[in-house]
Each structure stands twice: as C-alpha cells, then as structure tokens.
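Participant: Letter 282 of the sequence shown, counting from 1, is numbered 269 in the working numbering, and no numbers are missing.
Note that the Cβ used here is the ideal one computed from N, Cα and C, for glycine as well.
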Amino acid sequence: MTSISSFSITQVPLLNLLQDIKSGKIQVADFQRSWCWDEERITRLIASVSLGFPVGAIMLVEQDNSDVKFKPRLVEDLEHPPVPTALILDGLQRLTTLFMSLLSDQPVQIDRGKRYPPEKHWYYIKIAEALKYPPNKRHEAIMGFSVDEALYRDGEILVDSQTREIEADLSLFPLFQVFNFPEWRSHYCKSWQDNPQKLAMIDEFEATVIKNFEQYQMGVFFLSAELPKESIYYIFEENNKRHSQATEFDWLTASFAAKGFDLRSDWIAREKRLNSHPVLRQLRSMDFLQAIALMANYTQRAQVPSPGSHPQELAKVARSRDVLRLELAEYQQWAEPLSVAFEQMARFLNNQAIYEPNDLPYPMQLVVMAPLFTILGEQVKLNWVYQRLKQWFYCAIVSGSYSRLREAVATKDLLEVAEWINGGEVPSIVREAHLSAEQLQSIVNAGSPIYRTLTAFLRCDVALDFVTAEPIPRSLRSDQKIENHHIFPQQWCKQQGIPPSRYNSIVNRTPLTA
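1. Out of A405, Q(-2) and S37, which one is the CA nearest neighbour of A194?
2. Please classify E451: does DSSP put it in a helix, a strand, or coil?
3. Is the segment 442 to 452 in contact with the segment 384 to 396, if contact means three or more CB pairs nearer than 8 Å?
4. By Cβ distance, which residues of its chain are closer than 7 Å to V396, with the 5 residues on each side in sequence left out?
5. Give me, in chain order, the residues of the same chain whose beta-carbon lies closer than 8 Å to that of P105; leave out the 5 immediate sequence neighbours on both sides.
6. Please look up how many angstroms separate the CB atoms of L74 and Q14, rounded, as I've assumed it's under 8 Å.
7. Buried or exposed for K481, please, with buried defined as at least 16 other CB atoms from any protein chain shown within 10 angstroms of its CB.
8. Hey, how far is the Cα of S(-7) from the Cα of K216?
9. Quick one, which of N409, N182, I45 and L267 has its alpha-carbon nearest I222's?
10. Cα separation between E406 and A333?
11. Assuming Q(-2) is part of the beta strand (DSSP E), what are its boundary residues?
12. W179 by DSSP, collapsed to three states: which one?
13. With distances taken from CA atoms, which of E26, E201, D156 and E412 is nearest P169?
14. To the nearest whole angstrom, what separates the beta carbons of P436 and I384, a pair I think is in contact under 8 Å?
15. Do A278 and P350 have their beta-carbon atoms positioned less than 8 Å apart in this structure?
16. Examine the Cβ distances between the segment 354 to 368 and the segment 315 to 334 and report whether three or more of them are shorter than 8 Å.
17. Using beta-carbon positions only, say whether I474 and N495 come within less than 8 Å of one another.
18. Using the three-state DSSP reduction, which class does H421 fall into: helix, strand or coil?
19. Run through DSSP, which three-state label would I485 get?
20. Which word fits I255, buried or exposed, when buried means at least 16 other C-beta atoms lie within 10 angstroms of its C-beta?
21. So who's on the other strand from I13, going by DSSP bridges?
22. If distances are taken between C-alpha atoms only, which option among D253, H264 and K101 comes closest to S272?
23. Can you look up L89 in the DSSP assignment and give me helix, strand or coil?
24. Should S173 and A155 be called a contact, given that it needs their Cβ atoms to be closer than 8 Å?
25. Is the beta carbon of L162 less than 8 Å from the beta carbon of S88?
26. Which term fits V327, buried or exposed, when burial requires 16 or more other beta carbons within 10 angstroms of its beta carbon?
27. What residue range is occupied by the uninterrupted alpha helix (DSSP H) comprising W379?
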C-alpha cells in the first residue's frame, strides 16, 4: 500500500529563511493576526539560537501550483512584493522575532503589558558576559533598548544604534549585524588593535556565538500544495490553540481576497443592515456563513443526490470545516437571498413578541430558519405555511433538542419542514413534541428557553398585568421593562410548607411591568 504524506520536513539554514522573508518569497497569510512579544521571550529565543539550541520547527504551506490561495501579507514592506512561494502557518512569532532582530534594518516591537504602549527595541549581546555566563544565563547577556533613548554612564552617551566605535569600546555586539560580522569585526579590531586580550575575546566570541547563528538550521514542515483549505485550517488550529485568534471568518476573508473579493467589507455592510432589526443584533459573521454553507450544501446535493442517499444526508449544518469549504461563487450566490430571509425572519419573530436577542430561546434556529425561508420563497407569505412554521418553531423549543446535537437537529429540521410544507410527512420534532405539567413544574430558571418562550406567549396574547390589570404591551418602550414575580409570596409558601422547587417554578411566576 502506497503511503501518501501531506507534508515534508527538512532542515533549512536560518539565514536562508530570513532572506526569503526579506525578499517576500515567504509571507504571512492575511488571516494571521499581528504579533507582539515581551522582552523576556525575545531575549530567550535569541539566546537559544546563539547557543545552537533547538527552538522548535516551523510550518509553511506551499503556494506553488496550489488551488488554495490566501491573501498574503509581508513581514516587512516591499515596494514591489513578489508572489510568495510559501506562507507561514506555524512559527510566525519566532520567525518574525528572528527576522526583525537579526536581518531587518528595523527595530523589534515589544509588548510591555496592558498598562503601557508597545515599544521598539534594538538588541545587543554583551560580548564578555556571553562568554562568561553559563548557558542557562545566556539570555541575561542580551539587552535591548528603545530607539528613542540612549544608554548613559556618568552623564555620557554609551550607545546609540549607529555608532560602531562606541559599540566596540563597550564590547556590545549589535544583533542586526550578525550576518555581516566580518565588517563589524574589522571596526572592532581597529579599535582594539593594541589589546591582545580584546582581540582574543572577539575570536572566541566568533567561534562560540556568531558561528551558531551562521550555521543554525531550523526544522521546517512544508505542507503540500494539494491539501484542501479545511485541512490547512485544522492543522493551523491544532498547532496554535493557545496563541491564535484567527477565526473561520478570517480564513475565508483571506481566501476570498486572493480572488479580489473583500468579505469583511461585505459583511460589515450586511451586519449594519441586519442590525436595524433589534432581534438580529447578536447575529455573528459565523452564523451568517453557516447559513450560506447550509444553503449551498442543500442546493448542491438536492440537485445531484448520490445513488441510494437518504434525504437526511442531502444537507448538513456547517461546522468549522464545512464553512471553510465555501467557494466565493456560493457566497455571492446566496448572501443577498439569505440577507432578505433574515429580515423576513426578524418580522416573523417580532410577530411572536420576540424583539430582542435575549428573547431568543435558541439562536441556532436562526441559522436554520434563514435557509428555510429562502427555500420556501413566496410560500412563506401564505397563512397556512406561516402557521406550520410557527408550529415547528415552538415544538422545537419545547423538545429541547437545540440544547444538544444542534447541528444534527438543525439539518433534520431543515429537510423535514421543507418537505412537510410541500406535502410531505409531519416533521418528527413536531410529532414528538410534548410539554407535561411535570415539565412546567420543573422550570425555575427565568433564562431557560421555555421560560422565555412562555413569557413571549403572554406578550403575544396581550396578557393582563397581574397587579394593574392593564394589558402587557407586546413591545416595550426603552423606559419599560418586565420583571418576573411570585404569585404566591415566597414567605407565605414557606409557612405553608411548600417546597422551593414548587413555589419557584414558572407555574407560580407572572410577568409584571415595572
């Protein structure tokens, strides 16, 4: 059996990697966020390389002949950047730190904590200390100072970033000259030509420190250009669990940008439009992408079902990897129809006296309802269709199915409700829905889905305020709010020996306008 590997691994000279970053052959995928390390992590990384110690392998994804393209971003600005041959997938912080401190002509940006703004530092090695300190103290021989300040002794400037004479005088080696050591060494030797001790020290420094930089090799995983986008995301996620803030939306943004489409700007415009409906104000970009992926998947599989496939296999609610399979053409095909469907759905929810995101029993139902409204089209306007949608909506809440296995339930509901409205069988979630007196008695949490649903029911049916006997408005003004109070007071219930599980249940609660 032939083994097919999705990656290769090799040792690459550090200088080659840094030169490829400088030339733009190696770039960063745009979904990766900017980085900023603290000084200790930077000095410890540099120290490890100076000792020839391993600092972990990095991972690159090849871009030559790849169908999976991401918008690239340069580590260092170039006037005419080339098309990259590889993108950094893991090891961005290490490579950027080493590039900025060792090869770039720019200082390194460091994180100084939440209380202080970032600062830019140049890094030096104290030559004598580097030779004297044991390996576990090497990082203490590495120093950084701000580009905005100089080092002083007795009121005199000791170091600035461009004065080689002072560097030589203090035996401070600038790390950004590490791959240009012979030139720097000649200036040093001129300064100390009459001091055999200093010349011997620089010889030892070159042999035991500089050579480690020059000969350093990094392990590099090269991911195959044939890997699908969702596999690349999975690998990235597994290798960056603690540090990555990149989301599926960021990945698709970078992927679509490589084809000339600005997903972020498109979503911002749609989000603003959908947020005009208060009930949709917590709709996330991932919710929208899930709805599009579900719609695209449903349409594709419904048109060309595989032989022997079960109807419930025709679509599935998109999880992370499914969303990452979205093609730009699919997004452009369904983004507007689903935006319209979300707006229709907002009006549907308002008719159920659900006006705010906190009133929604299960937000996942939004991801299903938008494709459902899109599939049904003009049928949604028919009263009997509207009533069936309403029946499904409440039965799904009562069943509690959306509190577990949400993706599987949503997939099943989309297929069965669409078929039901087009003459098929009653959906299983509608057939099996049941709300008993025992269930009602057990509901004590005002934030539970059924509690919120019953509160909306009362508003929808224009229930009377328990104290004022005035109708509770379906929609409250900003200066109004509804509070839930006990009908039989807690103290009285305690005196009668009624257990808390009974007097705190929804059966003994009523909404009052405050």
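Facilitator: According to the structure data:
1. S37
2. The residue you asked about is not Glu; residue 451 is Leu in the sequence shown. Note: L451 maps to strand in three-state DSSP.
3. no
4. S388 and Y389
5. C23, Q96, I97, D98 and R99
6. 6 Å
7. exposed
8. 13 Å
9. I45
10. 23 Å
11. F(-6) to P0
12. coil
13. E201
14. 5 Å
15. no
16. yes
17. yes
18. coil
19. coil
20. exposed
21. A73
22. D253
23. helix
24. no
25. yes
26. exposed
27. N370 to S386
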